[in-house]
Every structure is written in C-alpha cells, then in structure tokens.
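Report on the structure given below.
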Amino acid sequence: FSIEYHDSIGSTNDRARELASEGATDVVVLADEQVGGRGRLEREWSAPSGGVWLSIVTRPDIAPAQAPLYTLAVSVATARAAREAGVDARIKWPNDVVVPVGEDGEYRKLSGILTEMEGETDRVDWIVVGPGINANIDTDALPEGATSIRDEVGDVDRRRFVQRLLEEFDRYRTDLEAVVPAWRELALTLGQRVRVERATGEIVGEAVDVTESGALVIETEDGQETVAAGDCEHLR
Ligand code: BTN
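Heads up, the sequence shown is in my numbering, so the first residue is 3 and it goes up one at a time.
Rendered as structure tokens:
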C-alpha cells in the first residue's frame with residue numbers, strides 16, 4: 003500500500019473516495035486529525051489529533067455481497083494490532099472493536115469502521131474501508147462509552163500499529179475464507195443476548211453464530227433468524 007498522510011483533513015473516507023474515482027488502488031489515506039469524520043448511519047465521528055484515522059482504497063474482484071467480509075477482515079486486523087499493543091480488544095458484531103468491561107457483554111468502543119463502495123450488481127468497482135482507532139487520545143475528548151489505547155495501556159507507536167493493521171488486512175483479503183473463523187475467535191457478541199435493529203424491525207435473542215458471509219445468527223423465541231446488517235446492542 004502507498005500511504006498519503008495528512009496532519010489534518012475533513013474525512014479520510016472522502017479523500018479515499020476521490021482517489022478511488024480517479025482510478026487509484028491499494029492506497030491508504032491516513033490522518034492525525036479529522037475535522038469532518040463520518041461514522042456509520044450518517045453519524046458524526048469524533049476524530050481528534052492522536053488517533054489512527056485511515057481509509058483503504060482497493061479494487062477487489064468480488065461481488066458486492068462479499069464486501070462485508072472486507073470490513074470484517076479490517077476489524078480482525080484492527081483487533082489484532084490492538085492486542086499486540088497490549089489491549090484486550092474484542093469484536094462486537096459486525097465490526098466494532100471494543101474492550102470488554104466485566105463479564106456480561108458490557109464494553110467500551112475502541113474503533114469503528116465505515117465502508118463505502120461503488121460498482122455494478124455483480125462486481126465491485128472500488129471499495130473504501132475506513133477504520134478509526136482511538137489511539138493516543140484522552141477518553142475525556144471522546145464520546146461516552148468510548149475508550150482509547152492510551153486509556154487502556156498507554157500510548158502506542160502509531161506507525162507500527164498502522165503497519166501491523168495493513169499487514170493483517172493484506173493477508174486476509176487474499177484468503178477471504180479465513181476471515182470468519184478469525185472473527186469468531188475475537189467475537190464478544192457470540193453467546194450474548196442481543197437486540198438488532200434492522201430496517202424491517204428489531205430482533206431479540208441469543209447470538210449463536212455468524213454465517214460464512216458474516217451474517218449474525220440469532221436464536222429467538224420463534225426459531226433462528228439470520229441478520230446480514232443492522233445495529234447490534236448487547237443486552238443483559
Ligand atoms: C462507526 O462506528 O460509526 C464508524 C466510524 C468510522 C470512522 C473512521 S475514521 C477514518 C474513516 N474516515 C471517516 O470519516 N470515517 C472513518
């Protein structure tokens with residue numbers, strides 16, 4: 003990957019989309035600070051100086067339906083890099099990297115990912131996967147429920163962190179079948195009682211597994227349901 007670094011930028015995903023539409027591939031946009039960071043579901047994402055804010059542009063030969071695997075691969079890569087830094091990082095379905103608090107599924111959020119893509123119905127043209135990691139930041143500069151690497155274990159070498167994240171991602175993108183097994187090992191959500199909000203309504207039950215495409219399998223009172231995408235809450 004070649005890296006385009008910015009001290010300060012609006013959103014690394016916006017810049018990555020621009021590069022992608024100009025034909026770029028295997029480029030990473032990295033910033034110390036974002037002033038217009040974007041989260042999932044049109045939310046704002048707070049991205050002060052000291053974090054690891056990046057967006058990866060690739061042009062994989064995959065169908066759009068496989069794109070979630072790319073996001074899962076980045077969440078696995080992020081969790082691995084954080085664990086190497088000494089953080090007890092786990093994954094909350096589908097792709098938030100979190101640090102557990104206690105034993106009952108409570109957590110603080112360390113990282114989220116915003117994935118955007120363009121392409122036909124049968125093939126992706128480009129995909130931008132943008133993980134944001136609260137690295138060397140005081141948690142009081144972050145929203146409630148968030149944690150940072152600084153708060154968990156002290157400051158991390160961000161250059162090394164990014165290098166490890168990209169190495170792990172590079173390994174999984176060429177071996178997509180390995181993504182879900184690796185994800186399972188890091189999952190905090192499996193075995194939890196969850197509520198998942200989908201466009202078509204909510205599902206409550208026990209999260210028992212993920213499918214080979216990364217969809218969550220939930221055991222409800224009326225049998226098993228599989229959810230491909232949605233907002234997941236751990237219940238107690
Ligand atoms: C979420 O959990 O809602 C996803 C947050 C994604 C934030 C990252 S920071 C790097 C990249 N650029 C952005 O504007 N957003 C993503």
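For glycine and all other residues, C-beta sits at the position ideal for the given N, C-alpha and C.
All values reported here derive from a predicted model rather than from experimental measurement.
Between the alpha carbons of arginine 40 and alanine 231, how many angstroms are there, rounded?
19 Å
Taking DSSP as the reference, what is the three-state secondary structure of aspartate 224?
coil
CB-CB length for valine 181 against valine 78, believed under 8 Å:
6 Å
Would isoleucine 5 and alanine 33 qualify as a contact pair, given that the criterion is a beta-carbon distance under 7 Å?
no
Hey, which unbroken runs of the beta strand (DSSP E) at 3 residues or more fall wholly within the segment 42-107?
54-60, 92-94, 98-102
Compare the C-beta of valine 54 with all C-beta atoms of chain C and state if any pair is closer than 7 Å.
Among the protein chains of the structure shown there is no chain C, as only one such chain exists.
For glutamine 194, the three-state DSSP class (helix, strand or coil):
coil
From Glu223, Ala18, Thr27, residue whose alpha carbon lies closest to that of glycine 207:
Glu223
What residues are listed by DSSP as bridge partners for serine 4?
Val29
Is glutamate 235 closer than 7 Å to arginine 197 when the C-beta atoms are compared?
yes
Anticipated Cβ contact below 8 Å, proline 62 with isoleucine 129, distance rounded:
6 Å
CB aspartate 153 to CB asparagine 138, shorter than 7 Å?
no
Give me, in chain order, the residues of the same chain whose beta-carbon lies closer than 6 Å to that of phenylalanine 3; leave out the 5 immediate sequence neighbours on both sides.
Asp28, Val30, Leu168
Measure the alpha-carbon distance for tryptophan 95 versus aspartate 211 and round it to whole angstroms.
10 Å
In DSSP terms, what arginine 110 is bridged to:
Val101
Beta-carbon within less than 6 Å of glutamate 227's beta-carbon, same chain only, minus the 5 sequence neighbours each way: which residues are those?
Ile205, Ile220
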